[in-house]
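*Asks:* Could you have a look at this structure, given as structure tokens, before my questions?
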Amino acid sequence: MSDIKGKTKVVSPPGSSDRSDPSIVIDDVPMTPFLRRVSIFSSGGSFLDGYVLSLIGVALTQIKPMFDLTPFESGAVGASVMLGILFGTIFGGYLTDAIGRKRMFTLDVIAIGVFSVLSVFATTPALLIAARFAVGLFVGADYPIATSLIAEYTPRKHRAISMGAVSAAWYLGATVAAFVGYALYSVDGGWRWMLGSAVIPCAVLLIGRHGIPESPIWLAQKGRVEEARKIVEDIYGPGVEIPHEDVTEKIPLGRLLASGYLKRMLYVAIFIMCQVVPMYAIYIFGPDIMSAFGLGEGRASILGESAVSLFFLVGTIPAMFWLNSMGRRKLVILSLSMMFVGLLVLGIWPTAPMYVVIAAFGLYAFFSGGPGILQWLYPNELFPTSVRASAVGIAIAFTRIFTIASTYGMPLFLEAFGIGATMLVAAGLVGTGLVLSYIMAPETKGQTLLESSSL
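Below, the structure is given as structure tokens:
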């Protein structure tokens, strides 16, 4: 294992070796407007994920009667996007580590827009499922691309906040989707407008991502040092160095996991699964869940889901700063504890008054902010550059397997056992993540990527 650990060096910009003044590394540069742009527009894929996943929940309220869907077919429509994300994260992560972060940075957004428009013209459940699968495929591919760019460009003091933007973008997308769904709910054929509307944020992303260069850390790790130096000097100015793994060390992912990273991969994958499965179920079948709690039918239930979405979004804001002040480990344990309490109340007392239901959902949603950020921060901090995107892809793909299964099973379970039992299962998942985090959650606060990714 010693041949894998410690293989690092520094690539300096032109002329830096002749100066007596020490240079700084990318991890310690100040935040600039360009770096903020990278963070904001790299988070766009996460916005699209939250938007398309949440909007399908509202759209299903119109699609189900139109196509006379059974609960199984309804679950298939809801799960089709996540099945696409499953494959997209795996292949997207592999391609991103192999050919770079930039090449697919715009192509995947174009594909998401195209297949969102094709969803509008679906005339059968099968065509709709195929189009939504394709949307998910390219949404999934964007995650390892975008989060790797953020991790490799952003200074360590700002990394938690920048990754927080990824999480906040998901909740923002979900919140916008809820309000778009509310506005279009009474429109004849409104579900087509809902699904096709994703082309608008795609267009914004294409404009914002134009001109963002390849990751210099990835280029340096691949031995393309001169290209990396040119990008670093253009972005940061002279005197900035690039820390990275030894260019001679090509570590296959399987060998990396066998060397000691398997424990990290297992923790990250299971932690993310326990965090996202209940959340995705709540978003995808939000109107049905709100109705089951007696918070209205139809359009009124969508408004209730919109309120919960706002709690999710608001919770990410303080979590961005708590991750640096409180630290990763303390925050994830505190957050999962509060999330568990909220879901447990909903499971034990499904007939509670409206204010109790809203408060319990609010508690769960607000404290989802910390784990929501860490599902992107941990895999990017805990693995080396050569396999960072692949590790992100594998971790997300693992969680999507269970998310897909839960999405298929959610309508059936809710119909068979009721809302109380459904919330208790969700609480059990969060509780599992809490116990696992207490045992295994690492602390990476204030560390460089080289430090946090070392065993």
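Just so you know, we're using this note's numbering here: the sequence shown kicks off at 1 and counts up by one. Here a beta-carbon is modelled for each residue, glycine too, at the ideal position from N, C-alpha and C.
1) Can at least three beta-carbon pairs, one atom from the region 73-85 and one from the region 134-144, be found at a separation below 8 Å?
2) Quick check on DSSP: helix, strand or coil for V187?
3) Rounded to whole angstroms, what is the Cα-Cα separation between Q462 and V25?
4) Leaving out the 5 sequence neighbours to the left and right, which residues in its chain are closer than 7 Å to W376 when beta-carbon positions are compared?
5) Return the CA-CA distance between T32 and V341, expressed in angstroms with no decimal places.
6) Since G457 and G92 should fall inside the 8 Å C-beta cutoff, what is the C-beta to C-beta distance between them, to a whole number of angstroms?
7) Does the beta carbon of G190 fall short of 7 Å from some heavy atom of the ligand SAM?
8) Can you find the residues in the same chain that come closer than 7 Å, C-beta to C-beta, to S337, ignoring five residues on each side of it along the sequence?
9) If I follow the unbroken alpha helix (DSSP H) through I110, where does it start and stop?
10) For E241, write down the residues that DSSP places opposite it in a beta bridge.
11) So, are the CB atoms of G370 and W322 less than 8 Å apart?
12) Using the beta-carbon count (16 or more within 10 Å), is L344 buried or exposed?
13) If you draw a straight line from the C-alpha of L219 to the C-alpha of T448, how long is it?
14) Quick check: the Cα distance between D27 and G446, rounded to an integer number of angstroms?
15) Please confirm whether I394 and I99 have their CB atoms less than 8 Å apart.
16) Name the residue from L95, Y94, H158 whose alpha carbon lies nearest to the alpha carbon of M320.
17) Of all the options P238, A389, L53, V277, which has the alpha carbon lying nearest to the alpha carbon of I112?
18) Measure the Cβ-Cβ separation of T175 and L313 and say whether it is below 8 Å.
19) V247 by DSSP, collapsed to three states: which one?
20) Quick test of your reading: F437 and V332, contact by CB under 8 Å. State the CB separation rounded to the nearest angstrom.
21) In the DSSP assignment, the alpha helix (DSSP H) including S488 goes from what residue to what residue?
22) If contact is defined by three or more beta carbon pairs under 8 Å, each pair taking one atom from either stretch, is the region 345-359 in contact with the region 124-131?
23) Hey, how far is the Cα of I40 from the Cα of I401?
24) Does DSSP put Q447 in a helix, a strand or coil?
25) Take L184 and list the residues in its own chain whose beta-carbon comes closer than 6 Å to its own, dropping the five residues that flank it on each side.
26) Pull up the distance between the alpha-carbon of P385 and that of G237, whole angstroms please.
*Replies:* Well, looking at it:
1) Between the region 73-85 and the region 134-144 there are three or more C-beta pairs closer than 8 Å, enough to call the two in contact.
2) In the sequence shown, residue 187 corresponds to position 187, counting from 1. Correct three-state label for V187: coil.
3) A question about residue 462 goes unanswered here, because the residues of the chain that appear run from 1 up to 455.
4) Position 376 of the sequence shown, counted from the first residue, corresponds to residue 376. For W376, same chain residues with a beta-carbon under 7 Å away, outside a window of 5 residues either side, are T147, M163, V166, S167 in chain order.
5) Working through the sequence shown from its first residue, we reach residue 32 at position 32. Working through the sequence shown from its first residue, we reach residue 341 at position 341. Those two C-alpha atoms are separated by around 40 Å.
6) Look at the range of the chain in this structure, 1 to 455, and you will see that residue 457 is not part of it.
7) The ligand SAM is absent from the structure shown, which contains no ligands of any kind.
8) Locating residue 337 in the sequence shown gives position 337, where the first residue counts as 1. Closer than 7 Å at the Cβ level, and outside the excluded window around S337, lie L434.
9) Start at 1 with the first residue of the sequence shown, and residue 110 comes out as number 110. Annotation for I110: the continuous alpha helix (DSSP H) segment containing it runs 103-120.
10) The residue given as residue 241 occupies position 241 in the sequence shown. Answer is V25.
11) For the purposes of this step, residue 370 is identified with residue 370 of the sequence shown, where counting begins at 1. For the purposes of this step, residue 322 is identified with residue 322 of the sequence shown, where counting begins at 1. For G370 and W322, yes; Cβs fall inside 8 Å.
12) As a first step, residue 344 must be located in the sequence shown, where it is residue number 344. Using a 10 angstroms sphere on the CB of L344, the tally of other CB atoms reaches 16 or more, which defines it as buried.
13) Position 219 of the sequence shown, counted from the first residue, corresponds to residue 219. Position 448 of the sequence shown, counted from the first residue, corresponds to residue 448. Spanning the alpha carbons of L219 and T448 requires a straight line of approximately 18 Å.
14) Numbered from its first residue, the sequence shown carries residue 27 at position 27. Numbered from its first residue, the sequence shown carries residue 446 at position 446. In a straight line, the C-alpha of D27 is about 10 Å away from that of G446.
15) The residue labelled residue 394 in the question sits at position 394 within the sequence shown. The residue labelled residue 99 in the question sits at position 99 within the sequence shown. No, Cβ-Cβ distance for I394 and I99 is not below 8 Å.
16) Taking the sequence shown and counting its residues from 1, one reaches residue 320 at position 320. Looking at the Cα atoms, H158 is the closest of the given residues.
17) For the purposes of this step, residue 112 is taken as residue 112 along the sequence shown, with counting starting at 1. Comparing Cα-Cα distances from I112 to each of P238, A389, L53, V277, the minimum goes to L53.
18) Taking the sequence shown and counting its residues from 1, the one referred to as residue 175 is at position 175. Taking the sequence shown and counting its residues from 1, the one referred to as residue 313 is at position 313. Yes, the Cβ-Cβ distance between T175 and L313 is below 8 Å.
19) The residue you call residue 247 lines up with position 247 of the sequence shown. In this prediction, V247 scores a pLDDT of 47, lower than 50, which makes its location untrustworthy; the coordinate-derived value is nonetheless stated afterwards. DSSP places V247 in coil when its eight states are reduced to three.
20) Translated into positions along the sequence shown, residue 437 becomes position 437. Translated into positions along the sequence shown, residue 332 becomes position 332. Per the sequence shown, the amino acid found at residue 437 is Ser instead of Phe. Sure, about 5 Å apart at Cβ, within 8 Å.
21) Outside the shown range of the chain, which is 1 to 455, sits residue 488, and nothing can be said about it.
22) Cβ pair count under 8 Å is below three, so no.
23) Sequence index remark: in the sequence shown, residue 40 carries index 40 (1-based). Sequence index remark: in the sequence shown, residue 401 carries index 401 (1-based). One Cα belongs to I40, the other to I401, and the distance between them is close to 28 Å.
24) Here residue 447 refers to the residue found at position 447 of the sequence shown. Of the three classes helix, strand and coil, the one that applies to Q447 here is coil, per DSSP.
25) The residue you call residue 184 lines up with position 184 of the sequence shown. For L184, where only same-chain residues beyond five positions count, the Cβ hits under 6 Å are G190, W193, M194.
26) Along the sequence shown, read from residue 1 onward, the residue named residue 385 stands at position 385. Along the sequence shown, read from residue 1 onward, the residue named residue 237 stands at position 237. The question names Pro, but residue 385 is Thr in the sequence shown. Taking the straight line joining both Cα atoms gives about 23 Å.
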